[in-house]
Amino acid sequence: IGSDDWQEVAEEYGQRFMSDPPDLFRSHLTGDLLILRQTIGTRESATSRLAAPRLMMLHGMITANLGDAASAARWYRAARITADGTGNDRLREWVRGREAFRRGYEGAAPREVLVLAFGVEDVEAKLAVAQGYARLDLSAQARTALDEARRLHDVADQSESTIYAMPAWRMALSSSYVYALLGDVQGCDDELAAVTPPPAVRRWEAQREIQRAVAYTRSGDTASGAVTANKVMHETPAEEYSIVLSEMYREATRRTRES
2 IGSDDWQEVA EEYGQRFMSD PPDLFRSHLT GDLLILRQTI GTRESATSRL AAPRLMMLHG
62 MITANLGDAA SAARWYRAAR ITADGTGNDR LREWVRGREA FRRGYEGAAP REVLVLAFGV
122 EDVEAKLAVA QGYARLDLSA QARTALDEAR RLHDVADQSE STIYAMPAWR MALSSSYVYA
182 LLGDVQGCDD ELAAVTPPPA VRRWEAQREI QRAVAYTRSG DTASGAVTAN KVMHETPAEE
242 YSIVLSEMYR EATRRTRES
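Residue numbers (our numbering): 2 to 260.
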């Protein structure tokens with residue numbers, strides 16, 4: 002790979018993240034990150050420096066999807082530090098927003114997520130803030146942050162083909178989780194009605210249903226929440242499990258376990 006080709010490589014991985022099997026994706030990406038490290042060490046270019054944070058973030062995300070949230074968090078931090086070193090504000094905002102967004106879904110404490118997302122003008126950062134406030138039962142702040150996320154989404158890349166963008170169905174899915182965490186079952190259902198992922202993206206169906214379980218539980222209907230969550234996990238093939246699904250299952254059944 003030439004030193005000027007890394008932007009194209011990063012774009013390709015953004016598309017492959019949506020469809021490649023996780024193990025295969027990480028294997029290929031790990032190999033290219035080793036090459037990128039050598040490239041930066043011997044003939045650094047602006048293109049390679051700008052590609053590195055995005056590829057590091059993708060590596061963290063796929064690592065989390067494969068069940069290792071602790072290693073993923075280290076990759077996110079490395080991507081953030083690397084992005085800060087580029088001086089590219091747009092890249093820095095995206096990396097920080099995505100780190101906050103992912104960490105919220107991967108079990109980080111709400112206040113940690115709020116610190117990560119503080120002052121970041123990015124759709125995913127605002128969604129992370131909204132979900133963080135919702136977890137803390139701060140409804141007004143959560144709804145304000147969600148409104149800010151929608152404002153930014155109106156002018157954001159909404160294409161379907163890459164993880165770097167935020168298509169309308171993913172925006173609706175993420176917004177619905179804010180309502181689920183607030184225990185607003187109707188608000189959650191209204192957003193979920195707009196979630197129409199591509200047919201090939203099967204894993205989102207389980208996430209959609211388990212978010213309903215979270216909404217039931219957070220509304221006080223812990224029995225329905227637990228039943229719905231257990232049904233989702235029973236019907237979802239093991240290969241479709243993800244850390245996001247596991248964390249939502251814990252959220253949907255936490256109050257049942259505590260009672």
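We put the CB at the ideal spot given by N, CA and C, even for glycine. Note that the coordinates shown come from a computational prediction; the quantities given were computed from them, not determined experimentally.
key: Whole-number beta carbon distance between Glu122 and Glu100, since they are thought to touch under 8 Å   = The Cβ separation is near 15 Å, so there is no contact.
message = Taking the straight line between their C-alpha atoms, what separation do you get for Met62 and Val96?
response = 12 Å
request  = Rank Ala146, Gln16, Gln187 and Leu153 by C-alpha distance to the C-alpha of Leu59 and give the top, closest one.
outcome  = Gln16
task = Could you say which of Gly68, Glu125, Met57 and Arg103 lies nearest to Thr83 if we only look at CA atoms?
result = Met57
request  = Assign Ser247 to one of three DSSP states: helix, strand, or coil.
outcome  = helix
message = I'd like to check one pair, Val196 with Arg204: are the Cβ atoms closer than 8 Å?
response = no
message = Nearest by alpha-carbon distance to Ser28: which of Ala253, Leu67, Asn89 and Leu193 is it?
response = The residue with the shortest Cα to Cα distance from Ser28 is Leu67.
ask   = In three-state terms, what does DSSP make of Phe119?
value = coil
message = Residues in the same chain with beta-carbon distance under 6 Å from Glu12, minus the five sequence neighbours each way, listed in chain order, please.
response = none
inquiry  = Quick check: Thr87 and Trp76, are their CB atoms within less than 8 Å of each other?
reply    = no
request  = With a cut-off of 8 Å on the beta carbons, I'd call Leu128 and Phe102 a contact; round off their distance for me.
outcome  = 6 Å
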